[in-house]
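Residue numbering for the sequence shown follows my numbering, beginning at 544 and increasing consecutively.
Below is one structure, written out as structure tokens, with a few remarks after it.
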Amino acid sequence: MTDTTDTTDTTDTIDTLEPEGPPVFEKPLLRGWLHLLFFLGSIPAGIVIVLRAEGERSHLATAVYAFGCCALFGVSAAYHVFRWSPAARLRMQRADHATIFVMIAGSYTPLCLLALRGSRGVLLLILAWVGAATGVTLVLTGVSQRRRALGSTAYIALGWLIVAFTPSLIDRLTTPDLILVAAGGLAYTIGAIVFATHWPNPSPRFFGYHEIWHAFVGAAAICHYVAITGVVRAA
544 MTDTTDTTDT TDTIDTLEPE GPPVFEKPLL RGWLHLLFFL GSIPAGIVIV LRAEGERSHL
604 ATAVYAFGCC ALFGVSAAYH VFRWSPAARL RMQRADHATI FVMIAGSYTP LCLLALRGSR
664 GVLLLILAWV GAATGVTLVL TGVSQRRRAL GSTAYIALGW LIVAFTPSLI DRLTTPDLIL
724 VAAGGLAYTI GAIVFATHWP NPSPRFFGYH EIWHAFVGAA AICHYVAITG VVRAA
């Protein structure tokens with residue numbers, strides 16, 4: 544039986560018809576602009592945190608982290624702000640969803656290499672990047688787009704993998720940094736639930752559920768940036 548599942552995300556767009564031609568999907572007016580601002584901010588923020596690092600280990604960890612942040616916000620902004628052909632739209636959508644996994648694993652990297660260290664740090668780092676690679680595979684093969692709940696669950700599961708290492712984190716992180724890491728994870732989780740359920744959706748024409756998801760991602764990124772800055776300073 545032919546699979547007729549539509550893998551593009553048009554659930555929160557407005558379908559209009561031009562006089563001659565295919566349907567045109569109008570995005571909410573604020574779609575992507577928030578992440579564009581975060582992308583522009585992530586570049587200098589990434590440079591600053593790398594420059595603050597001392598030693599090859601810290602430089603590597605912060606560079607990976609900075610790349611993950613820039614990749615997520617840059618790809619998201621490009622995908623959501625600009626118009627794409629149907630084929631290019633699908634490719635950009637998959638890249639957008641894939642970079643979420645890259646950012647999550649990138650955020651783990653400084654915590655593993657600079658805070659946990661040792662065998663526990665190596666184990667968590669391996670689990671994080673294997674999980675991210677698995678998530679990227681689900682996205683690029685189209686599995687997560689056909690089953691949206693699976694994609695959101697994968698984001699949440701990878702993000703909360705760190706809970707298994709809580710005792711080690713308590714020993715290595717300051718209380719403020721620990722709270723910020725947890726707050727960032729909570730923000731990601733709430734955002735992923737909003738994204739999966741399409742609720743709340745206050746203004747589909749201007750600021751809908753997708754924009755709320757983007758706002759939570761941005762809030763989580765800020766929490767983790769401040770926490771990781773503290774980790775780098777203490778390393």
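Built from N, CA and C at the ideal position, the CB exists for glycine as well.
{"Query": "Burial state of Ile-713, where buried means 16 or more other Cβ atoms lie within 10 Å", "Result": "exposed"}
{"Query": "Member of Leu-633, Ser-601, Leu-723 and Ile-705 whose CA lies at the smallest distance from the CA of Gly-685", "Result": "Leu-633"}
{"Query": "Touch test, the stretch 592-612 against the stretch 568-578, Cβ-Cβ under 8 Å, three pairs minimum", "Result": "no"}
{"Query": "Where Phe-616 falls, given that 16 or more other Cβ within 10 Å makes a residue buried", "Result": "buried"}
{"Query": "Validate contact between the stretch 701-708 and the stretch 659-673 using beta carbons, cut 8 Å, 3 pairs", "Result": "yes"}
{"Query": "Terminal residues of the alpha helix (DSSP H) in which Arg-634 lies", "Result": "629-653"}
{"Query": "His-753 - containing alpha helix (DSSP H), residue span", "Result": "752-777"}
{"Query": "Beta-carbon proximity check, Trp-781 vs Gly-728, cutoff 8 Å", "Result": "Outside the modelled stretch of the chain, which goes from 544 to 778, sits residue 781, for which no answer is possible."}
{"Query": "Alpha-carbon to alpha-carbon, His-753 and Ser-687", "Result": "17 Å"}
{"Query": "Any 3 or more C-beta pairs closer than 8 Å across the stretch 630-646 and the stretch 591-602", "Result": "no"}
{"Query": "Leu-583 burial status per 10 Å Cβ neighbour count (16 or more: buried)", "Result": "exposed"}
{"Query": "Bridge-paired residues (DSSP) for Ser-746", "Result": "Phe-750"}
{"Query": "contact_flag[the stretch 647-657, the stretch 623-633] where n(CB pairs < 8 Å) is 3 or more", "Result": "no"}
{"Query": "Classification of Ser-746 by the beta-carbon crowding that lies within 10 angstroms, buried from 16 upward", "Result": "exposed"}
{"Query": "Cβ-Cβ separation, Val-769 to Ala-658 (assumed contact under 8 Å), whole Å", "Result": "Not really, about 14 Å apart at Cβ, beyond 8 Å."}
{"Query": "Helix, strand or coil at Gly-678 according to DSSP, with G and I counted as helix", "Result": "helix"}
{"Query": "Residue nearest to Ala-675 in terms of C-alpha spacing, selected from Cys-655, Thr-642 and Val-607", "Result": "Thr-642"}
{"Query": "Endpoints, the alpha helix (DSSP H) within which Glu-597 is located", "Result": "Looking at the DSSP string, Glu-597 is not in any alpha helix (DSSP H), and its letter there is neither H nor E."}
{"Query": "Environment of Thr-677 [buried if 16+ CB atoms lie within 10 Å]", "Result": "exposed"}
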